[in-house]
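So the sequences go chain by chain: A and B. Here our numbering is used: position 441 in the first sequence is 429, and no number is missing along the way. Here our numbering is used: position 455 in the second sequence is 443, and no number is missing along the way. No residue lacks a Cβ here, since even glycine has one placed at the ideal position from N, Cα and C. Contents: one structure, followed by commentary.
2 protein chains.
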Amino acid sequence: MSEPAANPPPPPAEPAPEGGEDAASTSKKAAKKAEAKAKKEAEKARRAAERAAATAAATSAAETEDLAKDNYGPKEGQLAADAIEINLKTLGEEHVGKTVELRAWIQNTRVQSAKMVFVELREEGNWAIQGIVAANKEGTVSRQMVKWVSSINSESYLLVEATVQKPLEPVVACRVSHYELHITKCYILAAAPAGLGMTLAAANKAVTNFSDEQAAVEEGVDKLSIAPASEPAGVPAASMLTHLDNIVMHKRAPVAQAISDIRMEVKELFRSYLRSQGFKEFEPPCLIGAASEGGANVFRLPYFSTEAFLAQSPQFYKQYEIAGGRKRVFCVGPVFRAENSNTPRHMTEFTGLDLEMEIKKSYHEVIDMLEGVLLHIFRGLKERCAEEIELVRSVYPSEEFLVPESGKEVRLTFAEGQKLLREEGPEEYRNVSDHEDMSTPQEKALGALIRKKYGTDFYVLDKFPEEARPFYAKEDPSNPSLTNAYDFFMRDQEILSGGQRINDPEELEARMRKKGVDPKSPGLKEYVDVFRQAGVPAHGGGGIGLDRVVAFYLNLPSVHLAAFYPRTPKRLAP
Amino acid sequence: MSEPAANPPPPPAEPAPEGGEDAASTSKKAAKKAEAKAKKEAEKARRAAERAAATAAATSAAETEDLAKDNYGPKEGQLAADAIEINLKTLGEEHVGKTVELRAWIQNTRVQSAKMVFVELREEGNWAIQGIVAANKEGTVSRQMVKWVSSINSESYLLVEATVQKPLEPVVACRVSHYELHITKCYILAAAPAGLGMTLAAANKAVTNFSDEQAAVEEGVDKLSIAPASEPAGVPAASMLTHLDNIVMHKRAPVAQAISDIRMEVKELFRSYLRSQGFKEFEPPCLIGAASEGGANVFRLPYFSTEAFLAQSPQFYKQYEIAGGRKRVFCVGPVFRAENSNTPRHMTEFTGLDLEMEIKKSYHEVIDMLEGVLLHIFRGLKERCAEEIELVRSVYPSEEFLVPESGKEVRLTFAEGQKLLREEGPEEYRNVSDHEDMSTPQEKALGALIRKKYGTDFYVLDKFPEEARPFYAKEDPSNPSLTNAYDFFMRDQEILSGGQRINDPEELEARMRKKGVDPKSPGLKEYVDVFRQAGVPAHGGGGIGLDRVVAFYLNLPSVHLAAFYPRTPKRLAP
Chain A
-11 MSEPAANPPP PPAEPAPEGG EDAASTSKKA AKKAEAKAKK EAEKARRAAE
39 RAAATAAATS AAETEDLAKD NYGPKEGQLA ADAIEINLKT LGEEHVGKTV
89 ELRAWIQNTR VQSAKMVFVE LREEGNWAIQ GIVAANKEGT VSRQMVKWVS
139 SINSESYLLV EATVQKPLEP VVACRVSHYE LHITKCYILA AAPAGLGMTL
189 AAANKAVTNF SDEQAAVEEG VDKLSIAPAS EPAGVPAASM LTHLDNIVMH
239 KRAPVAQAIS DIRMEVKELF RSYLRSQGFK EFEPPCLIGA ASEGGANVFR
289 LPYFSTEAFL AQSPQFYKQY EIAGGRKRVF CVGPVFRAEN SNTPRHMTEF
339 TGLDLEMEIK KSYHEVIDML EGVLLHIFRG LKERCAEEIE LVRSVYPSEE
389 FLVPESGKEV RLTFAEGQKL LREEGPEEYR NVSDHEDMST PQEKALGALI
439 RKKYGTDFYV LDKFPEEARP FYAKEDPSNP SLTNAYDFFM RDQEILSGGQ
489 RINDPEELEA RMRKKGVDPK SPGLKEYVDV FRQAGVPAHG GGGIGLDRVV
539 AFYLNLPSVH LAAFYPRTPK RLAP
Chain B
-11 MSEPAANPPP PPAEPAPEGG EDAASTSKKA AKKAEAKAKK EAEKARRAAE
39 RAAATAAATS AAETEDLAKD NYGPKEGQLA ADAIEINLKT LGEEHVGKTV
89 ELRAWIQNTR VQSAKMVFVE LREEGNWAIQ GIVAANKEGT VSRQMVKWVS
139 SINSESYLLV EATVQKPLEP VVACRVSHYE LHITKCYILA AAPAGLGMTL
189 AAANKAVTNF SDEQAAVEEG VDKLSIAPAS EPAGVPAASM LTHLDNIVMH
239 KRAPVAQAIS DIRMEVKELF RSYLRSQGFK EFEPPCLIGA ASEGGANVFR
289 LPYFSTEAFL AQSPQFYKQY EIAGGRKRVF CVGPVFRAEN SNTPRHMTEF
339 TGLDLEMEIK KSYHEVIDML EGVLLHIFRG LKERCAEEIE LVRSVYPSEE
389 FLVPESGKEV RLTFAEGQKL LREEGPEEYR NVSDHEDMST PQEKALGALI
439 RKKYGTDFYV LDKFPEEARP FYAKEDPSNP SLTNAYDFFM RDQEILSGGQ
489 RINDPEELEA RMRKKGVDPK SPGLKEYVDV FRQAGVPAHG GGGIGLDRVV
539 AFYLNLPSVH LAAFYPRTPK RLAP
């Protein structure tokens, strides 16, 4: 079809590529400039699209009768009765030559001539297929229809009738590369605006500017290792704020959907593994009557004639379940921290994966279980989410997450970790003490040493000093300056804190007093009394931060990217 | 062993049975009296146990050397190296004659003679086995040991070494009836107090007094059909407040654990069914920036320099996921209502099971899906939780929950329901209107008619009048006085509300104005604008109240019994 175009085709709704940009040069200034440019481009594109639409409307009226006029339009029309409903994921040889129907977003338009236009149609995730609208002699697909389809705004939702064909060459631009759709009818089910607030291409780029957090990052106070962004030619990246302000396009980006899929698989793997190990799920409350785990970082709210607090963890409730006759429990749900920290790894609401279990002989039974469930998650992700991980890596490059071989799990005591730091770590850690908690930079330095020495991104530090653990932590019976408590790490950063808990009320009160906590204070008295109601088995557990597991596994530059609707001190919307 | 007892055995820690009480006569007065009596009994038992313990301590010193002295005691001791760890659920023929170890709660003690005592040992749920401590000639089990075991307080947690034997006759009192444990060693891992705040027998009885709610129940304002309590001879029931004040014993009762198991299976069945139907899980936030779904019943809290609200439903967020390119989503999590209603079916925090999906041709696709998942849950419970359901029924008697046969699901339009009420319902409903929402008593009357007519406890009312539905409900295109919205019912009570949502921003604004809602108000403007960001497919869904599904399926007298930690306007603890 070499016939020249009768009318100049309207420009595609998305701005055209404009040549590459060096990834390494993306400084703060460049990012700002790029964003301003993106906005300008979007505005320009919007105006062009509007002009094109107006022209199209004016000329179409003047043209000859359109035999295809019922086969396209801005409202749903009638498809062939025998059209087979398809979805792109399961499209196969059996559909070739058949009339099919598809509901999908139009993500790109490429005009070939006045008689032919190529479109990309996308379903959920990155499942896209090439469609062709080509005017035919019979007039069931007309030039007017071609022109009209060319003018549809990107990200409109369409109903399409088509014949499935095999392209001469695989379509590299689309995930479905071995089939294409020869479109016979096309209707808009829901129109997108002429100019999108953020294009899909921009939405699918790495976020490098986390605005509110930027200051903190630059100060290096709480800096996450920011993965270098991959930069498809000419599409500038958008800031996290732009993403949140354009939540629809943010979520439509394949990278965002892949991260969500991975996150949900972590939850599912956590639950299914624990169920198979005899754990019972339960639900702790969010609203609680006392700020029992420390008052500083707790949200408080008026509650009828009294006051309520939002739970900072399900700690006490997990223990109540064990006291209440369960041998093993887990829960998955939101927890809240009223901490005014504007960094890439803080949120005010996040999801906890928690477990608690009876200890029979040693609290290492709990470490075994926690290692077991996390390794199950890591291995499960690799198996079930290989494509999603690859997709995320194409936007946020990362090294594979290193997991120890079965039987070669890495557990150091806190003291061993400090010794390693002193002996093999950077100069400034030559004098670190065995009785002071580690700082974040210390953790990172130790993580690097461990990766070098043991080849793993996942390891455990056990036997934390008494000073570093809360009042409910059980002291090591053979050395009361230590506790039977541990942290788990992924890529140098803590993702889990846990330990054996005190199950004897007298011992609990004594340790509370030693830690300067009043065992008679509101909330704590009720907590201690639970262990007086009846005999409570020895028990321990841990709490895993879901957002952190996802972000660190994928080496994302912020936990905010791992959350569905990140909550920060400055942001409660959408 | 007919030898008479050398010393009078200490009385068992739990009050002895005292003859039956007629279930039907349990009025409010009787319940109060019974509770007072129970307290007295508990106190009496406690004192008796203390006396017995004192006597035992005094006499044992005077006795001869105890060859068994290392085989029992208040601290953990050494078991045989070859002792096999068992749990009661999997105890089998292969264990007979073997030395085993078991950790369990002692729930009952029956002294046979100075040389022999029977104990009941319980693991999680209602898995219990009979143990026997009998003094032997070798002295490895001594009279002193028998006496000491007899004095252990009920609900202490024990470590036991024993030989598994087959009893002469099945032990009817225990779930494990074909094996018994001949105990050779016995240590207390965690001691219970001499007097329990609530005995296991009392905890396992039906709660009939919901105190705070009692007034409302008596006024009949919001009365749930209270199942008649089954009354094991002589054990008085405790009020809901007593249960909550004794949370450990409340949770140890097999009935509470069975209800929890059923609840968690509902969640699991919900998730697994929807995953199999291509749904993606997501997590909506609890903290939101605007009281977008109505300000009256929303909790508000100070949030750094601004204000936050607790989500009353995930409605908007489910829709954002659809707008964001998901075809089908679900979520499971807490929702909050600041409603000062003290009734057996209100809570301030409860769990929602929510879904939202694209509509291709008709919103009946959504009804099909919701019916599908609920029927899957009902059938799954019958299959997977038959024992738990039976156990709950032994405490809270109920008729089997009637489910329609496949293909015979009952769907009436709201108007058909009202017609049925007018024509076949009680006198007072002769004039009910098709354009006014139903009251709770009306719902109950209609439910009774439907059960009689169709033999089902599960049905759908569709096409609710426009007046009765929120601003986001889609009007019926063929009759705008109706909506494409529905409620689902279980045993005459609503458990689900849902419908098709408006996906066009102009239509949405128009309906908001019609309903007197300002589309520019905080929260709502952002909501409407989401549909302007890009083309959003037609969609619908529904929200299921998990607590209600459990309570109504089992016909429990209050949703509070279905919750793990019920939150009411007057109760935030434990």
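- Using a C-beta cut-off of 8 Å, the segment 376 to 383 of chain A makes contact with the segment 238 to 258 of chain A, since at least three inter-stretch Cβ pairs fall below that distance.
- In the pairwise beta carbon analysis, the segment 61 to 69 of chain B is classified as not touching the segment 124 to 132 of chain B: fewer than three pairs are separated by under 8 Å.
- Along the segment 477 to 500 of chain B, the positions whose C-beta sits under 8 Å from a C-beta of chain A are Asn491 and Asp492, read in chain order.
- Taking 9 Å as the Cβ-Cβ cut-off, the segment 501 to 526 of chain A approaches chain B at Gly511, Glu514, Tyr515, Val518, Phe519, Arg520, Gln521, Ala522, Gly523, Val524, Pro525 and Ala526, given in chain order.
- If you draw a straight line from the Cα of Thr52/B to the Cα of Ala24/B, it is about 44 Å long.
- Inter-segment contact for the segment 300 to 312 of chain A and the segment 225 to 243 of chain A is absent: fewer than three beta-carbon pairs are separated by less than 8 Å.
- Per DSSP, the beta bridge partners of Asp342/A are Cys319/A and Gly531/A.
- Contiguous alpha helix (DSSP H) elements confined to the segment 426 to 468 of chain A occur at 428 to 442, taking only those with 4 or more residues.
- Exposed is the label assigned to Ala284/A, since fewer than 16 other Cβ atoms lie within 10 Å of its Cβ.
- Between the alpha carbons of Tyr515/A and Gln118/B lies a gap of roughly 32 Å.
- Think of a sphere of 7 Å around the beta carbon of Gly277/B: the chain A residues whose beta carbon falls inside it are Leu560 and Ala561, in chain order.
- The Cβ neighbour count for Asn419/A, taken over all protein chains shown within 10 Å, is under 16; the residue is labelled exposed.
- Beta-bridge partners assigned by DSSP to Ser485/B: Asp475/B and Gly531/B.
- Asp249/A belongs to the set of residues whose beta carbon lies under 9 Å from a beta carbon in chain B.
- At a cut-off of 9 Å, the C-beta of Val105/A has no neighbouring C-beta in chain B.
- Nearest CB-CB separation between Arg372/B and chain A: not below the 9 Å threshold.
- Taking a beta-carbon distance threshold of 9 Å, Gln245/A counts as an interface residue toward chain B.
- Counting only Cβ-Cβ distances below 8 Å, Gly185/B has contacts in chain A at Gln521, in chain order.
- Between the alpha carbons of Pro242/A and Ala116/A lies a gap of roughly 11 Å.
- As DSSP reads the structure, Met133/A sits in no beta bridge.
- Annotated three-state conformation of Val148/A is strand, per DSSP.
- Between the C-alpha atoms of Gln406/B and Asp475/B there is a straight-line separation of about 14 Å.
- Arg555/A has its alpha-carbon roughly 32 Å from the corresponding atom of Arg439/A.
- Neighbours of Arg34/A in chain B, taken as residues at a C-beta separation under 8 Å, are lacking, since the least C-beta distance is about 13 Å.
- By the rule that beta-carbons nearer than 9 Å mark a contact, Arg536/B does not touch chain A.
- With a contact defined as Cβ atoms closer than 8 Å, Pro181/A and Asn141/A qualify at about 6 Å.
- The beta carbon of Ile117/B does not come within 9 Å of any beta carbon belonging to chain A, so the residue lies off that interface.
- Contacts between Cys274/A and chain B, judged by CB atoms closer than 7 Å, involve Cys274, Pro322 and Glu337 in chain order.
- Taking all protein chains shown into account, Asp506/B has fewer than 16 neighbouring C-beta atoms within 10 Å of its C-beta and is therefore exposed.
- Measuring C-alpha to C-alpha distances from Gly487/B to each of Pro465/B, Lys63/B and Arg457/B identifies Arg457/B as the nearest.
- If you keep only unbroken alpha helix (DSSP H) runs of at least 4 residues inside the segment 262 to 324 of chain A, you get 303 to 311.
- Residue pairing of Cys174/B in beta bridges, as defined by DSSP: Tyr60/B and Val148/B.
- C-alpha of Val134/A to C-alpha of Val88/A: approximately 19 Å in a straight line.
- Non-local beta-carbon contacts of Ser546/A in its own chain, meaning distances under 6 Å to residues more than five positions away in sequence, involve Phe198 and Pro332 in chain order.
- DSSP places Gln521/A inside the alpha helix (DSSP H), whose first and last residues are Leu512 to Gln521.
- Rounded to the nearest whole angstrom, the C-alpha separation of Tyr175/B and Gly340/B is 44 Å.
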